[in-house]
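In my numbering, the protein residues as written are 15 to 487.
Some notes on the structure that comes next.
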């Protein structure tokens, strides 16, 4: 019964709790039992509050019994990403400097998710300060891939994605700058959405004008992701880039006939990135699925010239702004790749930022033109399959060297620069059983387009239904 509950879709669990077929306490207890039993195998949920979760679940049941109107996430357990502030529960950022840090406030997305009725059960593991797409840190160690514990779960939302794959919680929040939602979703056979900048407002925020970093939802199905997005999204006057569409707009049926949908497919982003042949072998047959769904598929790619400079420049600027003072106060306390990225930001000149801004504007106009001709772009999420857990990052792809901890993520971060919503949806497995994700991208603000295309593809293939085989604790 425990596993039946913990792997049930979040949409189904929410409906059963509302109908009083299941209690919130039963659901919370089932997830806590599974965390205790199999959690150590993946090291994904790194802080757990059983007493607090069960108390909140009892309160949720009492409110249902009193006839109160439940929120859309009523009774659903969630463990928040360990970079997102949670009042009264430690938020470490994966750093020894914050190992005992307990915030006295919730950040905005945590407030919204809990206000919608979700039950906080703990926190999920992250790389140090969410830097890099492999989840390891000196506080909690590495998160292991549920499909192969010798491999990475990706990052920076690696703990969130691995916990979903292992049945440790029903929904997950995450964040994405260069692929931090999409890569772990791909590596762990779950679904992750990088929304349009401004779709999910973020507070507190050091630079509210930044368009590179966004928060977004993860789940085991596209419908679950849409459900969580409906709670996370919506305007906030304190966030200058916020979009006005209310979150409830995403609580809508996703089933659509895709006949006539104009689809572009790019196996390597127009020859700009090397891709592991194992990834290509899984993804190329998936294009036929869209053709069988009635889509018109053409091999094409947006103009991404300058995307490398845009992403690297704006990312480095954000790291220098957000973490530079911490580096000065604690020299030697940050991992080398993080120090490198901060120093890259400090070396930037006004001319560097001007060039990046101009290139970003050109790419935006090219994206607008591209999505006037196509409804959806399909591409690899990641250029590699989940790699050895003892590596910080892949140093070579298809014989091409990857010199920094960022190089191997170009298939994700080039899409970041488009400012477009991008969905990672399970696309199958290598012969060795490693998951591979397909990236579904649409025009800026067109989240419903990617969700509907992803849902139709998901229903046609069922790749996301394959569960990992985890040793029982």
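Just so you know, even glycine gets a beta-carbon here, dropped at the ideal spot from N, CA and C.
For this session: Keeping to the same chain, check which residues put their C-beta closer than 6 Å to that of residue 229; ignore five residues upstream and five downstream.
Result: 123, 189, 214 and 216
Exercise. Rounded to a whole number of angstroms, what is the C-alpha to C-alpha distance between residue 403 and residue 274?
Worked result: 42 Å
For this session: Just grab the DSSP bridge partners of residue 159 for me.
Result: 162
Exercise. Hey, how far is the Cα of residue 77 from the Cα of residue 86?
Worked result: 14 Å
Exercise. At which residues does the alpha helix (DSSP H) containing residue 72 begin and terminate?
Worked result: 64 to 79
Problem set entry | 8 Å contact criterion, which residue 178 and residue 202 should meet: CB distance rounded | 7 Å
For this session: On a CA-only basis, which of 459, 477, 479 and 475 is nearest residue 208? Give me that one, please.
Result: 459
Exercise. Can you give the beta carbon distance from residue 291 to residue 412, rounded, assuming they're within the 8 Å contact cut?
Worked result: 7 Å
Exercise. Are the beta-carbon atoms of residue 456 and residue 385 separated by less than 8 Å?
Worked result: yes
Exercise. So, are the CB atoms of residue 5 and residue 106 less than 8 Å apart?
Worked result: Any property of residue 5 remains undetermined from this structure, which presents the chain solely from 15 to 487.
Exercise. Three-state secondary structure (DSSP) at residue 61?
Worked result: strand
Exercise. CA-CA distance, residue 487 and residue 356?
Worked result: With a pLDDT of 49 at residue 487, under the threshold of 50, the modelled position of that residue is not reliable, and the figure given next carries that caveat. Near 41 Å, if we compare the C-alpha coordinates of residue 356 and residue 487.
Problem set entry | Per DSSP, the bridge partner or partners of residue 49 | According to DSSP, residue 49 bridges with nothing at all.
For this session: Please say whether residue 338 and residue 369 have beta carbons closer to each other than 8 Å?
Result: no
For this session: Taking the CB atoms as reference points, tell me whether residue 131 and residue 89 lie closer together than 8 Å.
Result: yes
For this session: Report all residues from its chain with a CB closer than 7 Å to the CB of residue 160; omit the five preceding and five following residues, and keep chain order.
Result: 56, 176, 179, 180, 202, 482 and 484
Problem set entry | Between the CA atoms of residue 479 and residue 23 - distance to the nearest angstrom | 11 Å
Problem set entry | Simplified DSSP assignment, three categories, for residue 191 | coil
Problem set entry | Three-way DSSP call (helix, strand, coil) for residue 27 in this model | helix
Exercise. Of the residues 146, 336 and 326, which one's Cα is nearest the Cα of residue 371?
Worked result: 326
Exercise. Does DSSP put residue 391 in a helix, a strand or coil?
Worked result: strand
Exercise. Residue 54 by DSSP, collapsed to three states: which one?
Worked result: helix
Problem set entry | Assigned exposure category for residue 390 - 16 Cβ within 10 Å defines buried | buried
For this session: Can you check the stretch 377 to 458 for any beta strand (DSSP E) of at least 3 residues that lies completely inside it and give the ranges in chain order?
Result: 390 to 394, 436 to 443 and 449 to 455
For this session: Express the C-alpha separation of residue 419 and residue 407 in angstroms, rounding to a whole number.
Result: 6 Å
Exercise. Do residue 380 and residue 453 have their C-beta atoms closer together than 8 Å?
Worked result: no
For this session: Ignore the nearest five residues each way along the sequence and tell me which others in residue 20's own chain have a CB closer than 6 Å to its CB.
Result: 44, 45, 48 and 181
Problem set entry | Three-pair Cβ contact test at 8 Å for the stretch 142 to 157 versus the stretch 244 to 253 | no
Exercise. From 426, 127 and 114, pick the residue whose C-alpha is nearest to that of residue 288; which is it?
Worked result: 426
Exercise. Looking only at its own chain, which residues have a Cβ that is under 8 Å from the Cβ of residue 205, when we skip the five neighbours before and after it?
Worked result: 199, 232, 233, 234, 235, 236, 238, 239, 437, 438, 439, 440, 468, 472 and 478
Problem set entry | Three-pair Cβ contact test at 8 Å for the stretch 263 to 274 versus the stretch 300 to 319 | yes
For this session: Return the first residue and the last residue of the alpha helix (DSSP H) that residue 360 is part of.
Result: 350 to 360
Exercise. Which residues mark the beginning and the end of the alpha helix (DSSP H) in which residue 208 is found?
Worked result: Taken as a continuous stretch (DSSP letters only), residue 208 belongs to no alpha helix (DSSP H), being part of the beta strand (DSSP E) at 205 to 208.
Problem set entry | Beta carbon of residue 293 nearer than 8 Å to that of residue 429 | no
Exercise. Three-state secondary structure (DSSP) at residue 94?
Worked result: strand
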